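Take the sequence shown: its position 169, counting from 1, is numbered 169 in the numbering used here, and each next residue is one higher.
Idealized CB from N, CA, C, for every residue including glycine.
Note that the structure is predicted; figures quoted are calculated from it, not measured.
In what follows, a structure is listed as structure tokens, so that the remarks can point back to it.
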Amino acid sequence: MMEELPKIQELKCRIEYINKLESLEDINQYLEDKDYLVYIITLSGISFGEFSNYQFKLIEDITKLDRLEELRIFDKERELHIWRQSDGKGGSVLKGRLRIDNPIEEAEQCYYRDAKQLLFGANREHLQNGFTFLKEDRGFGVIIPNSLLSKLKDNPRLYLCTRNYLEEWDNGQLSYCDSRFISIEGVNND
1 MMEELPKIQE
11 LKCRIEYINK
21 LESLEDINQY
31 LEDKDYLVYI
41 ITLSGISFGE
51 FSNYQFKLIE
61 DITKLDRLEE
71 LRIFDKEREL
81 HIWRQSDGKG
91 GSVLKGRLRI
101 DNPIEEAEQC
111 YYRDAKQLLF
121 GANREHLQNG
131 FTFLKEDRGF
141 GVIIPNSLLS
151 KLKDNPRLYL
161 CTRNYLEEWD
171 NGQLSYCDSR
181 FISIEGVNND
């Protein structure tokens, strides 16, 4: 029997676009002082980390922004998504988007559907500085902070939970327009 799709729901949300990010310190103006998870793609790999007290805890040093390809700093209420984009002159610039669900400020009505994506990695390989490589036998895997290991419990699988936003077209049809990360959970968490 097929699993039923999650229902489409509604909430208030606010989006702010960032034309150019000059330094890592610029990130602080878009986030509150609390704990977030981080997803990062650099020239050397993909990993998860943490952002707390306006400081990164990552497996790789990203003080040199030229190694950064994509960055998502997220929690259940907001996501700051940064990506590298061509500037049309042979170089590139970091752009971004801040999406906040149920903000205190003025917001628009949004439709969404939540989903869970299974992350690669069932076998643990402990790394330095509080990180673990969850990998498959064939070599694929993901680096996570050790703080997420408690979510594994008896099952070695983690899920990336996403919120997928829909917009209404002129003909009344809903179409996916954006998505953001909201959490990482173990297999039995709902």
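In angstroms with no decimal places, state the Cα-to-Cα distance between residue 136 and residue 106.
Along the sequence shown, one-based indexing puts residue 136 at 136. Along the sequence shown, one-based indexing puts residue 106 at 106. Straight across, the Cα-Cα distance linking residue 136 with residue 106 is about 45 Å.
Which parts of the region 10-78 are runs of the beta strand (DSSP E), unbroken and 3 residues or longer, counting only runs that do not cross its ends?
36-42, 45-52, 55-57 and 68-74
Counting C-beta neighbours from all protein chains within 10 Å, is the total for residue 158 16 or more, i.e. buried, or is it exposed?
Start at 1 with the first residue of the sequence shown, and residue 158 comes out as number 158. Residue 158 comes out buried.
What first and last residue would you give for the beta strand (DSSP E) that runs through residue 187?
Numbered from its first residue, the sequence shown carries residue 187 at position 187. Segment: none, residue 187 is in no beta strand (DSSP E) and carries neither H nor E.
Counting Cβ pairs, one atom from each stretch, are 3 or more of them under 8 Å apart for the region 90-105 and the region 54-63?
no
What residue does the beta strand (DSSP E) around residue 144 start on, and which one ends it?
Residue numbering aside, residue 144 sits at position 144 when the sequence shown is read from its first letter. Segment 141-145, the beta strand (DSSP E) holding residue 144.
Going by C-alpha distance, which of 24, 30, 16 and 47 is nearest residue 145?
As a first step, residue 145 is located in the sequence shown; it is residue number 145 there, counting from the start. Closest option to residue 145, Cα to Cα, is 47.
Consult DSSP for residue 134 and reduce its assignment to one of helix, strand or coil.
For the purposes of this step, residue 134 is taken as residue 134 along the sequence shown, with counting starting at 1. Note: residue 134 maps to strand in three-state DSSP.
May I have the straight-line CA-CA distance separating residue 108 from residue 16, to the nearest angstrom?
Translated into positions along the sequence shown, residue 108 becomes position 108. Translated into positions along the sequence shown, residue 16 becomes position 16. Going from the Cα of residue 108 to the Cα of residue 16 covers about 12 Å.
Closest by CA to residue 116, which one among 30, 42 and 163?
Start at 1 with the first residue of the sequence shown, and residue 116 comes out as number 116. That would be 163, whose Cα lies nearest to the Cα of residue 116.
Can you tell me the Cα-Cα spacing of residue 68 and residue 184, whole angstroms?
Counting from one through the sequence shown, the residue named residue 68 turns up at place 68. Counting from one through the sequence shown, the residue named residue 184 turns up at place 184. Approximately 22 Å, taken between the alpha carbons.
Assuming residue 115 is part of the beta strand (DSSP E), what are its boundary residues?
One-based indexing of the sequence shown puts residue 115 at position 115. It spans 108-118 - the beta strand (DSSP E) in which residue 115 sits, taken as one unbroken run.
DSSP puts residue 82 in a beta bridge; with which residues?
Residue numbering aside, residue 82 sits at position 82 when the sequence shown is read from its first letter. In the DSSP output, where bridge partners are listed per residue, residue 82 has 71 and 96.
Checking 8 Å against the spacing of the C-beta atoms, do residue 102 and residue 11 come in under that value?
Numbered from its first residue, the sequence shown carries residue 102 at position 102. Numbered from its first residue, the sequence shown carries residue 11 at position 11. Yes, these two residues count as a Cβ contact at 8 Å.
Return the chain-ordered list of same chain residues with a C-beta closer than 8 Å to the C-beta of residue 31, the five sequence neighbours on each side being excluded.
Stepping through the sequence shown from its first residue, residue 31 is reached at position 31. Cβ neighbours of residue 31 beyond the five flanking positions: 51, 54, 73, 78 and 80.
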